[in-house]
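Chains as they are written, first to last, in the working numbering: chain A, 1 to 297; chain B, 1001 to 1295.
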Amino acid sequence: MSDHVSMAAGGLPGESRSETAFRARERVKSGHFRAKALIPILYILFLLVPIYWLVNMSFKTNGEIVSTMTLFPHNPTLKNYATIFTDPSWYMGYVNSMIYVVMNMVISVAAALPAAYAFSRYRFLGDKHLFFWLLTNRMAPPAVFALPFFQLYSAFGLIDTHIAVALAHCLFNVPLAVWILEGFMSGVPKEIDETAYIDGYSFPKFFFKIFMPLIASGIGVAAFFCFMFSWVELLLARTLTVTDAKPIAAIMTRTVSAAGIDWGLLAAAGVLTIIPGAIVIWFVRNYIAKGFALGRV
Amino acid sequence: MEKTWNNKAWFFVLPVLLLVAFSAVIPLMTVVNYSVQDTFGNNQFFWNGTEWFKEILTSERFHDSLIRNLIFSGLILAIEIPLGIIVALAMPKKGFWVSVCLVLMALPLLIPWNVVGTIWQVFGRTDIGLLGYTVDALGIDYNYVADPFAAWVTVIVMDVWHWTSLVVLLCYAGLVSIPDAYYQAAKIDGASRWAVFRYIQLPKMGRVLLIAVLLRFMDSFMIYTEPFVVTGGGPGNSTTFLSIDLVKLAIGQFNLGEAAAMSLVYFLIILALSWVFYTVMTNAGTDKPVKEISE
């Protein structure tokens, strides 16, 4: 106990001193340390086992799934994936999802950028009320909107189009993008704006040439979260589409037929919906908390 | 930051305003419209005053799903918040493993909600699912399709699986922002592990924890897709939460007036909660000084 206290007090500069003390402390209670590492490991195992089971099933034949309980595929097959990639009614589901998700992402971020700038830099009549009202839309239960959306988009003849779903998802994604971007923009000192004006930059030139590069990571995070929430939402996407724009998540239910459920195919389709998120997650890993807390951590 | 008063900023907000008006205000007005009218088919509507509201507020069915949803949200918070804190405290503070932990933990958050439902629907089946098979092999009678208790357990475990990582990530973000000097001071004072948690870590996590509680409460309060896929609201009505009930009423029975009135009551509850959330969020900058370590 006394040795690392003296070490901490012993004249090493700043950060390195605290690190040494920290490591010394961990070494002292290394038994405790190992037990501590067990918690995240067990938790991650709990998270991964159900996902593993889905992946496992997607490589099995239906015969193997139904007849025996096997922890890994004994006769691995790619048949389920082949079905999805060769049948247009399957893979078009992914294309449809991608189209409306990207549309929504572009619309949300483009509309949110100027608004977030206004909220972060100016005070204006009703600004606080407006900011709160935006939040209520993020918190609104989609179930409340399902039926009115259906009627509204029917009236405009937009049912079963990608743009209908993209606009519907703006309900929660635009507020999200505004809040996240506002959080990032407030971190940029206002002096930068002022200096740019003094240097003779016009507003658009300043915004695109100077300001946007400064908040590039914020734009990336906002885009990622719009992508994600549009990708995981199903209630509205399913309500507003019939066949031409039907998302993959809704097509999955087709595997339930008179002959029973095609489990292998269902699992393969499920695994493919996990992949887009899993690919981009590495790039935003340090911002996930910030994004979920609407830019406020 | 000092902000300038400038009403021209409204022009910047205009695109968002129009977009959200189209996707939120117009549909919401339709709901208000339905909630005060009745129809006997044929697209003819009659003024009905507050009858639908009276009906929904005294409806036993609404009360039941409201209570069910409150119990569900309460259980979710009681499990996910402590679990999230424990996992966040045990996570490594720096190095390569931090990234690995963050990425693996965030994985369930990015899965489409009905796929989450599908994963657990399959996983819990006694014939083809690992969980159901194991539990069954241990001699416990487990069938989430027929037994309400098993259905509740399945839905709650699924939600814990799906969303605890959100609490972990938020708490972790709060924890890493604590300067090392605080821990050194505690060490010099000979503070116990519990004292460090109670007087340093918990107060520092306070705000993110509050955000986590509110987010989890609100999202579990409007949960729809996951339990719908797993149990369909059954067996009977035992897992019919507010959103599932609402969709049944509006699209299943096409009872527009009552569904609209229910939507508005539902929305008002959410609105009140959002206000709490807003107050918490906008006080973000005014972080209170951390309590001194006494003892």
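We put the CB at the ideal spot given by N, CA and C, even for glycine.
Query, Result
"Could you name the residues of the same chain whose beta carbon sits closer than 6 Å to that of Ala164(A), not counting the 5 residues immediately before and after it, in chain order?", "Tyr153, Leu158, Leu240"
"Taking Cβ positions, are Leu1209(B) and Cys1171(B) nearer each other than 8 Å?", "yes"
"Could you have a look at Arg1125(B) and say whether DSSP puts it in helix, strand or coil?", "coil"
"Determine the closest residue to Thr161(A) out of Thr83(A), Tyr100(A), Phe72(A), with distance taken between C-alpha atoms.", "Tyr100(A)"
"Can you check whether the CB of Val1020(B) is closer than 8 Å to the CB of Leu134(A)?", "yes"
"Pull up the distance between the alpha-carbon of Lys1003(B) and that of Leu125(A), whole angstroms please.", "13 Å"
"State the CB to CB distance for the pair Ile180(A) and Leu294(A), rounded to an integer number of angstroms; the pair is presumed to be in contact (CB under 8 Å).", "6 Å"
"Helix, strand or coil, according to DSSP, for Tyr122(A) in the structure here?", "strand"
"Between Leu234(A) and chain B, is the shortest Cβ-Cβ distance under 8 Å, so that the two count as touching?", "yes"
"Only counting the same chain, and skipping five residues up and downstream in sequence, which positions put a Cβ closer than 7 Å to that of Phe1254(B)?", "none"
"Taking C-beta pairs closer than 7 Å, name the residues in chain A that Ile1026(B) reaches, listed in chain order.", "Leu152"
"Is Cys170(A) close to chain B? Criterion is C-beta to C-beta, closer than 8 Å.", "yes"
"Measure the CB-CB distance between Asn1069(B) and Phe1241(B) and report whether it falls below 8 Å.", "yes"
"Any Cβ of chain B within less than 8 Å of the Cβ of Val174(A)?", "yes"
"Quick one: is Lys316(A) near chain B, going by C-beta distance under 8 Å?", "As shown, chain A starts at 1 and ends at 297. That puts residue 316(A) outside it, with no answer to give."
"Just verifying my parser: in three-state terms, what is the DSSP assignment at Phe1062(B)?", "helix"
"Going along the stretch 1119 to 1137 of chain B in order, which residues come within less than 8 Å of chain A, judged by CB to CB distance?", "Ile1119, Trp1120, Val1122, Phe1123, Asp1127, Ile1128, Gly1129, Leu1130, Leu1131, Tyr1133"
"What does Met103(A) reach in chain B if we use C-beta pairs closer than 8 Å?", "Per Cβ cutoff of 8 Å: no residues; Met103(A) is ~13 Å from chain B at best."
"Spell out whether any CB of chain E is found under 8 Å from the CB atom of Met57(A).", "Within the model displayed, chain E is absent; protein chains A and B are what it includes."
"Of all the CB atoms in chain A, is at least one closer than 8 Å to the CB of Ala1185(B)?", "no"
"Note down, in chain order, all residues in the stretch 69 to 88 of chain A with a beta-carbon under 9 Å from any beta-carbon belonging to chain B.", "Met69, Leu71"
"Look at the alpha carbon of Asn1048(B) and the alpha carbon of Ile1056(B), and state the distance between them as a whole number of angstroms.", "14 Å"
"Measure the CB-CB distance between Cys170(A) and Ile219(A) and report whether it falls below 8 Å.", "no"
"By Cβ distance below 8 Å, which residues in the same chain neighbour Asp1136(B) in space, the five residues on each side in sequence not counted?", "Thr1126, Tyr1142"
"Ile51(A) and Ile1071(B) look like a contact to me (Cβ under 8 Å); what is the Cβ gap, rounded to whole Å?", "Not confirmed; about 28 Å, so no contact."
"At the level of alpha carbons, what is the spacing between Leu1249(B) and Phe283(A)?", "42 Å"
"Would you call the CB atoms of Val221(A) and Tyr287(A) closer than 8 Å?", "yes"
"Going by Cα to Cα distance, which pick from Met1262(B), Gly1236(B), Leu1109(B), Tyr1183(B) is closest to Val232(A)?", "Leu1109(B)"
"State the Cα-Cα distance for the pair Val102(A) and Leu1166(B), rounded to the nearest angstrom.", "24 Å"
"What is the DSSP secondary structure of Gln1253(B), counted as helix, strand or coil?", "coil"
"Are Glu1226(B) and Thr1164(B) touching if we call contact CB-CB under 8 Å?", "no"
"In angstroms with no decimal places, state the Cα-to-Cα distance between Thr1231(B) and Arg238(A).", "19 Å"
"With burial defined as no fewer than 16 other Cβ atoms inside 10 Å of the residue's Cβ, what is the status of Gln1044(B): buried or exposed?", "exposed"
"Please tell me whether Pro213(A) and Gly93(A) are closer than 8 Å, where the distance is taken between their beta carbons.", "no"
"DSSP three-state call for Thr61(A): helix, strand or coil?", "coil"
"If I'm right that Phe131(A) touches Phe172(A) with Cβ under 8 Å, what's the distance once you round it to whole angstroms?", "15 Å between Cβ atoms; not a contact."
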